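A.B. asks: Residue numbers (the working numbering): 7 to 107.
Each residue gets a CB set at the ideal place from its N, CA and C atoms; glycine is no exception.
What you are looking at is a predicted structure, and each value in this text was computed from that prediction instead of being measured.
Got a structure for you, written out below as structure tokens; questions coming shortly.
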Amino acid sequence: MQVNVVTSVVAGQETVATKDIQAFIDAISEQVGDDYTFTLDADYGASLANTDDAVYLVYFGSQANLTAAQKAKMIIFYSDEDVHNLQIGRFVDMLKQLNKK
Numbered sequence: 007m008q009v010n011v012v013t014s015v016v017a018g019q020e021t022v023a024t025k026d027i028q029a030f031i032d033a034i035s036e037q038v039g040d041d042y043t044f045t046l047d048a049d050y051g052a053s054l055a056n057t058d059d060a061v062y063l064v065y066f067g068s069q070a071n072l073t074a075a076q077k078a079k080m081i082i083f084y085s086d087e088d089v090h091n092l093q094i095g096r097f098v099d100m101l102k103q104l105n106k107k
């Protein structure tokens, strides 16, 4: 399963530091296993234009900037607190549920 992790920039500032989001991705990836491929999208959500069946982890503060078509994607929102405290449990659970066939 492809998982795109979308960060954004608000008022010229990164919403979440790249090193922090990478640690968050690594922690989730370690828990969910090899059936998942994680890609960091630090390009204002450019991957949301893809037509694949990916799941998107999107920074909560970015939701107002999403178009209707983007909001129709499978999106799970994360917050600063999730990233900084490595609160990954609910993301691991949701991703595992989505991957059940």
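DSSP three-state label for residue 21, please.
C.D. replies: Looking at residue 21 - three-state DSSP - the assignment turns out to be coil, as it is neither helix nor strand.
A.B. asks: For the structure I just gave you, are there three or more beta carbon pairs, one from the stretch 33-46 and one from the stretch 82-102, closer than 8 angstroms?
C.D. replies: Short answer: they touch.
A.B. asks: What ranges does the alpha helix (DSSP H) occupy inside the stretch 25-98, keeping only unbroken runs of at least 4 residues that lie completely in it?
C.D. replies: Entirely contained in the stretch 25-98, the alpha helix (DSSP H) runs reaching 4 residues are, in chain order, 74-77, 86-90.
A.B. asks: When you compare the CB of residue 8 with every CB in chain B, is at least one pair closer than 7 angstroms?
C.D. replies: In summary, chain B is missing from the structure at hand, where a single protein chain is found.
A.B. asks: Closest to residue 69 by CA distance: which of 60, 83, 61 is it?
C.D. replies: Among 60, 83, 61, the Cα nearest to that of residue 69 is on 83.
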